[in-house]
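Novice:
Chains as they are written, first to last, in my numbering: chain A, 1 to 111; chain B, 1001 to 1114.
(1) Could you tell me whether any Cβ in chain B is nearer than 8 Å to the Cβ of residue 103 of chain A?
(2) Considering Cα atoms alone, identify which of A:34, A:96, A:4, A:9 is closest to residue 63 of chain A.
(3) Using the beta-carbon of each residue, which ones in chain A are nearer than 8 Å to residue 1007 of chain B?
(4) For residue 1095 of chain B, report the span of its beta strand (DSSP E) as first-last.
(5) If you follow the beta strand (DSSP E) that residue 77 of chain A is in, where does it begin and where does it stop?
(6) Output yes or no for whether 8 Å exceeds the beta carbon distance between residue 12 of chain A and residue 91 of chain A.
(7) Under 8 Å between the Cβ atoms of residue 1080 of chain B and residue 1018 of chain B?
(8) If distances are taken between C-alpha atoms only, which option among B:1102, B:1092, B:1084, B:1053 comes closest to residue 1112 of chain B?
(9) Quick check: is the beta carbon of residue 88 of chain A nearer than 8 Å to any beta carbon in chain B?
(10) Based on DSSP bridge pairs, tell me the residues matched to residue 109 of chain A.
(11) Chain B partners of residue 31 of chain A, CB-CB under 9 Å?
(12) Can you give the Cα-Cα distance for residue 83 of chain A and residue 108 of chain A, rounded to whole angstroms?
(13) Would you list, in sequence order, the uninterrupted beta strand (DSSP E) runs of no fewer than 3 residues that lie entirely inside the segment 1047-1093 of chain B?
(14) Can you check DSSP and say which residues form a bridge with residue 62 of chain A?
(15) Determine whether the Cβ of residue 15 of chain A lies closer than 8 Å to any Cβ atom of chain B.
(16) For the putative contact between residue 1109 of chain B and residue 1090 of chain B, defined by C-beta atoms under 8 Å, what is the C-beta separation to the nearest angstrom?
(17) Thinking C-alpha only, which one of B:1060, B:1053, B:1088 is nearest residue 1068 of chain B?
(18) May I ask you to list, following chain order, the residues of the segment 1043-1076 of chain B that have a beta carbon less than 7 Å from some beta carbon of chain A?
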């Protein structure tokens, strides 16, 4: 079945850029998402990209998709302490109703 | 985006008891999902709840342990029965808007079993 992998931890200094990476195995994945989970909270949908796109920018967030390598990344510009959270990558295939989540990357922003 | 109200937000339960979690959505949705997030882990889909039909359970999850109700298009409940410490997790309700292919989550229920 589909597998989605992420590195577990990332630590950056406030004001620097953060890059969170994700790899997936199913080449038929059509929608790819990034979610943010703060302590004690549910998951907040940050941004998403369709598989026919290479890049999507949304304010401080940039999503890059390399379909050939099945690699997705989330870049957060000017990272702030409020960005400290767990970030989940998720993928789905149109019409399947099945969302596969990555292991989550814990981002720690140092002041 | 959807407004999804989930309650309780947290609970501490005794072994052998049950906990029912409620999920209320501000608009009608066809598909509602229940996920479990064990400590330090990713999300695992428990079941998919459609209005007017029985829930569809994923491998490893059974109706006797996780009964689900879906009485209408805006509400669902998940019961975790015969609790054991291994059931200590965050339980998350989510909905999908088909026209937008996005999954939205409630705030979660933190369950601790003593």
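Glycine included, every Cβ here is placed at the ideal spot set by N, Cα and C. Note that the structure is a prediction, hence the values are computed from the model and not measured.
Specialist: Once the coordinates are examined:
(1) Interface residue, yes.
(2) When only C-alpha atoms are compared, the closest one is A:34.
(3) Within chain A, no residue comes near residue 1007 of chain B; the closest Cβ sits about 12 Å away, beyond 8 Å.
(4) Under the DSSP assignment, residue 1095 of chain B falls in the beta strand (DSSP E) whose first and last residues are 1089-1097.
(5) From DSSP, residue 77 of chain A is part of no beta strand (DSSP E); its letter is neither H nor E.
(6) With contacts defined as CB atoms closer than 8 Å, residue 12 of chain A and residue 91 of chain A fail to qualify as a contacting pair.
(7) Result yes, Cβ atoms of residue 1080 of chain B and residue 1018 of chain B sit closer than 8 Å.
(8) Taking only the C-alpha atoms, the option nearest residue 1112 of chain B is B:1084.
(9) When Cβ-Cβ separations below 8 Å define contact, residue 88 of chain A makes contact with chain B.
(10) A:12.
(11) Using a Cβ-Cβ cut-off of 9 Å, residue 31 of chain A is close to 1101, 1102 of chain B, given in chain order.
(12) Residue 108 of chain A has its alpha-carbon roughly 8 Å from the corresponding atom of residue 83 of chain A.
(13) For the segment 1047-1093 of chain B, whole beta strand (DSSP E) runs of length 3 or above, ordered along the chain, are 1068-1072, 1075-1080.
(14) In the DSSP output, where bridge partners are listed per residue, residue 62 of chain A has A:57, A:75.
(15) Residue 15 of chain A does not count as touching chain B.
(16) Cβ-Cβ separation between residue 1109 of chain B and residue 1090 of chain B: approximately 7 Å, consistent with a contact (criterion under 8 Å).
(17) For residue 1068 of chain B, the closest of B:1060, B:1053, B:1088 by C-alpha to C-alpha distance is B:1053.
(18) So the close ones are 1043, 1048.
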